[in-house]
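2 protein chains.
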Amino acid sequence: MRRSMVPARLAAAALLCLSITAHAADGPKPATSAAAKPAPTSADVLAAASATDWRQPDPENLLYMDLAQGRVIIELAPAFAPAHVDNIRKLVREGWFDGLAVDRVQDNYVTQWGDADNSRTPKTAQTKLAPEFVVRGAAVAKLPFTPLPDKDNYAPETGFADGFPAARDLKGQQAWLVHCYGMVGVGRDMALDSGSGAELYAVIGQAPRHLDRNITVVGRVLRGMEILSSLPRGKAAMGFYDKPEDRIPITQVRLAADLPADQRENLVVLRTDTPTWAAYVEARRNRREEFFPVPAGHIDVCNMPLPVRTMESAQAKPLR
Amino acid sequence: MRRSMVPARLAAAALLCLSITAHAADGPKPATSAAAKPAPTSADVLAAASATDWRQPDPENLLYMDLAQGRVIIELAPAFAPAHVDNIRKLVREGWFDGLAVDRVQDNYVTQWGDADNSRTPKTAQTKLAPEFVVRGAAVAKLPFTPLPDKDNYAPETGFADGFPAARDLKGQQAWLVHCYGMVGVGRDMALDSGSGAELYAVIGQAPRHLDRNITVVGRVLRGMEILSSLPRGKAAMGFYDKPEDRIPITQVRLAADLPADQRENLVVLRTDTPTWAAYVEARRNRREEFFPVPAGHIDVCNMPLPVRTMESAQAKPLR
Numbered sequence: 001m002r003r004s005m006v007p008a009r010l011a012a013a014a015l016l017c018l019s020i021t022a023h024a025a026d027g028p029k030p031a032t033s034a035a036a037k038p039a040p041t042s043a044d045v046l047a048a049a050s051a052t053d054w055r056q057p058d059p060e061n062l063l064y065m066d067l068a069q070g071r072v073i074i075e076l077a078p079a080f081a082p083a084h085v086d087n088i089r090k091l092v093r094e095g096w097f098d099g100l101a102v103d104r105v106q107d108n109y110v111t112q113w114g115d116a117d118n119s120r121t122p123k124t125a126q127t128k129l130a131p132e133f134v135v136r137g138a139a140v141a142k143l144p145f146t147p148l149p150d151k152d153n154y155a156p157e158t159g160f161a162d163g164f165p166a167a168r169d170l171k172g173q174q175a176w177l178v179h180c181y182g183m184v185g186v187g188r189d190m191a192l193d194s195g196s197g198a199e200l201y202a203v204i205g206q207a208p209r210h211l212d213r214n215i216t217v218v219g220r221v222l223r224g225m226e227i228l229s230s231l232p233r234g235k236a237a238m239g240f241y242d243k244p245e246d247r248i249p250i251t252q253v254r255l256a257a258d259l260p261a262d263q264r265e266n267l268v269v270l271r272t273d274t275p276t277w278a279a280y281v282e283a284r285r286n287r288r289e290e291f292f293p294v295p296a297g298h299i300d301v302c303n304m305p306l307p308v309r310t311m312e313s314a315q316a317k318p319l320r
Numbered sequence: 001m002r003r004s005m006v007p008a009r010l011a012a013a014a015l016l017c018l019s020i021t022a023h024a025a026d027g028p029k030p031a032t033s034a035a036a037k038p039a040p041t042s043a044d045v046l047a048a049a050s051a052t053d054w055r056q057p058d059p060e061n062l063l064y065m066d067l068a069q070g071r072v073i074i075e076l077a078p079a080f081a082p083a084h085v086d087n088i089r090k091l092v093r094e095g096w097f098d099g100l101a102v103d104r105v106q107d108n109y110v111t112q113w114g115d116a117d118n119s120r121t122p123k124t125a126q127t128k129l130a131p132e133f134v135v136r137g138a139a140v141a142k143l144p145f146t147p148l149p150d151k152d153n154y155a156p157e158t159g160f161a162d163g164f165p166a167a168r169d170l171k172g173q174q175a176w177l178v179h180c181y182g183m184v185g186v187g188r189d190m191a192l193d194s195g196s197g198a199e200l201y202a203v204i205g206q207a208p209r210h211l212d213r214n215i216t217v218v219g220r221v222l223r224g225m226e227i228l229s230s231l232p233r234g235k236a237a238m239g240f241y242d243k244p245e246d247r248i249p250i251t252q253v254r255l256a257a258d259l260p261a262d263q264r265e266n267l268v269v270l271r272t273d274t275p276t277w278a279a280y281v282e283a284r285r286n287r288r289e290e291f292f293p294v295p296a297g298h299i300d301v302c303n304m305p306l307p308v309r310t311m312e313s314a315q316a317k318p319l320r
């Protein structure tokens, strides 16, 4: 009996079509008019991407969090949360996270880490900070922002800001990072200024968009999400580990900038402000592979994966 | 130094407010007009629910899938996929899944199980079936359906059909189950009729709504999602386990109806066609707890959890 590979085949089918030069069709139901050239799949788009379609993240914005399970790499977003990113760098540089632990894994929600026992006091970093839930005012129009072609129901507009899923309200002059899978936020107590970056979480489930504009979001996981998402769920309320010995120790967290060049991971990330990105979005909006009788004609900001590769495999030239 | 519990506090805050009788406010920004009575939180709504707000699923629709990691309970949806549900019952009754395995776990996508080695042939069940991607025609208007108050971008309308997240297009006379976290679908090959239920998957990541109407969806996980979502990710392409010994064996799958009453789990599920449900939806659309300066004013169909309890804790009378 055959092996039903699907939805495996959904991804495999991405290998069927042709080249990026065939990219066309912006209508919502191009499948009906797909006559001559097949439109490229997302795999085609990536295969045809050139070195300049990829960017190398600033090592000042890259955290390496090492667990026994492997390395998690986080890119920080100082354009959206400059004070928190600055404070997180200070925390990392004073060794704040080293020997602390993942203390909470709540299914379909978040994995959280920090100082579960309130055992430490930071030496150089702040313990509370004014919230950076949104960017406001004239700064909003200056942020990089590539809108998605489709509507969003939680925000007037969604898109990508230098690789980060984001939303903006140009009329209201606000912009913010959105809580998609893999986004990293700052734990806080009830007081809006009670977060500092000393306790962080990553989204491991369906996008909890109700958190948007209520918490400072500081970045996203570039690599290693499968480590954070497959940890045992905590059995206490809200996914906390009920026994301290169940916690997942953090060996260390380092800033890439603080490591010698030969110890840095050479990751590159697909730019989100290029024609290649636009083609990639379109290939995700309407899967035209044989597998799909009904293309969606829509893409949610949290359904756009951010391609990340090693520099060699992307043949990218470092941009910095 | 304090312990930043949040987003823990997001859930904890659900314990703050008052009673369900205070439920009001349908506007998008009730926080601004929340003057007299605080609106109930989702915890308040559930605490105030009566026995008749809960339903006991039909044992003919309940699968118990036992792994060494624990039991996964799936509720089937014959209203949307009658032939596939019938075939899955046949497969289960002939012991099809017993001794097979979870062979694929792709991060932020699906956990899939079945006969990875094509080693078996069903005795009583069909090996292929006409697709049941959508319900069509006059049957659509007869399906149970409680719409959500908010728009959806993938479908003209979304809501809940006897507890299952669903979409419909009344004009086009179509209805279908949507791919939210925890939904269970039927693996198939390229041919639309190549699925039979012999290979199934559960969504473990951000809702892959592009699969809607392209695959037969047969049910949802009621309990045990944290088992399927925290399994080690497969390292081969598309999350398949590269070594057979890494697969997660399935001890057995049984239909609740085939077990003596004292061996059945007595779960009840919140009805989705009651005023209590409407209040629960509203409490999720606009979190009014102190924690949230900005209520979302919107809920996505895949962000509505389906409360499941044991009958005792819900004090529910069996409905069947």
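Just so you know, the protein sequences line up as chains X and S, in that order. Going by full-length UniProt numbering, the residue at position 77 of the first sequence is 77; the numbering climbs one at a time, nothing skipped. Going by full-length UniProt numbering, the residue at position 57 of the second sequence is 57; the numbering climbs one at a time, nothing skipped. Just so you know, even glycine gets a beta-carbon here, dropped at the ideal spot from N, CA and C.
N- and C-terminal bounds of the alpha helix (DSSP H) containing residue i
| i | result |
| --- | --- |
| S:V140 | A139 to K142 |
| X:E282 | P275 to R285 |
| X:P82 | P82 to R93 |
| S:A47 | S42 to A48 |
Nonlocal neighbours in the same chain, by C-beta distance under 7 Å from residue i, ignoring five residues either side
| i | result |
| --- | --- |
| X:V92 | L63, V253, R254 and L255 |
| X:I88 | L76, G197 and V218 |
| X:R247 | A101, V102, D103, A116 and Y241 |
| X:L148 | T158, G159, V281, I299 and V301 |
| X:R55 | V268, V269, R271 and L319 |
| S:T146 | G159, F160, T272, D273 and W277 |
| X:G182 | A202, V203, R220, V221 and M225 |
Sequence-distant residues of the same chain with beta carbon closer than 8 Å to residue i, five excluded per side
| i | result |
| --- | --- |
| X:A296 | R285, N286 and R287 |
| S:V308 | L222, R223, L267, V268, V269 and L270 |
| X:L231 | Q69, V102, V105, T111 and I248 |
| X:P82 | E132 |
| X:L67 | V102, I227, I248, P249, I250 and T251 |
Beta strand (DSSP E) segment containing residue i, residue limits
| i | result |
| --- | --- |
| X:I227 | X:I227 -> not in any beta strand (DSSP E); alpha helix (DSSP H) instead, spanning M225 to S229. |
| S:T251 | I248 to L255 |
| X:D212 | Where X:D212 is concerned, there is no enclosing beta strand (DSSP E), given that its DSSP letter is neither H nor E. |
| X:I74 | G70 to L76 |
| X:Y64 | L62 to L67 |
| S:Q174 | Q174 to L177 |
Residues sharing a beta bridge with residue i, DSSP
| i | result |
| --- | --- |
| X:P165 | X:F160 |
| S:A202 | S:T111 and S:V184 |
| S:A240 | Checking the sequence shown, residue 240 of chain S turns out to be Phe, not Ala. Its beta-bridge partners are S:R104. |
| X:L267 | X:T310 |
| S:G219 | S:L76 and S:V184 |
Environment of residue i [buried if 16+ CB atoms lie within 10 Å]
| i | result |
| --- | --- |
| S:R136 | exposed |
| X:T310 | exposed |
| residue 333 of chain S | Residue 333 of chain S lies beyond the residue range present for chain S, which begins at 1 and ends at 320; the question has no answer from this structure. |
| X:S42 | buried |
| S:N118 | exposed |
| X:R244 | Note that residue 244 of chain X corresponds to Pro in the displayed sequence, not to Arg. Exposed, by the Cβ-count rule. |
| X:D262 | exposed |
Residue from the options with nearest C-alpha to residue i
| i | options | result |
| --- | --- | --- |
| S:V102 | S:Y154, S:S229, S:L129 and S:C302 | S:S229 |
| X:F291 | S:W113, S:D189 and S:E245 | S:D189 |
| X:T52 | X:E289, X:V294, X:P275 and X:I299 | X:P275 |
| X:V140 | X:G172, X:S119 and X:Q126 | X:G172 |
| S:T158 | S:P131, S:T272 and S:N214 | S:T272 |
| X:K142 | X:E289, X:E226, X:Q174 and X:A279 | X:Q174 |
| S:L306 | S:P293, S:A278 and S:E289 | S:A278 |
| S:T121 | S:P144, S:W96 and S:M65 | S:W96 |
| S:R264 | S:L211, S:D44, S:A236 and S:M65 | S:M65 |
| S:E226 | X:K151, X:R233 and X:T127 | X:R233 |
| X:L170 | X:G195, X:D44 and X:P144 | X:P144 |
| S:D162 | S:F80, S:K128, S:M238 and S:T251 | S:F80 |
Cβ neighbours of residue i in the same chain (closer than 6 Å, five flanking residues each side left out)
| i | result |
| --- | --- |
| X:A202 | T111, V184, V221 and L228 |
| S:P28 | The predicted position of S:P28 is uncertain, since its pLDDT is 36 and thus under 50; no value can be drawn from it. |
| X:A155 | A167 |
| S:G205 | N108 and Y109 |
| X:P165 | V178, C180 and V301 |
| S:R213 | F133, V134 and W176 |
| X:A257 | P59 and E60 |
| X:A130 | D193 |
| X:E199 | G114 and G187 |
| S:V294 | none |
| S:K235 | D242 |
| residue 321 of chain X | In the structure displayed, chain X extends from 1 to 320; residue 321 of chain X sits before or after that span and is not available. |
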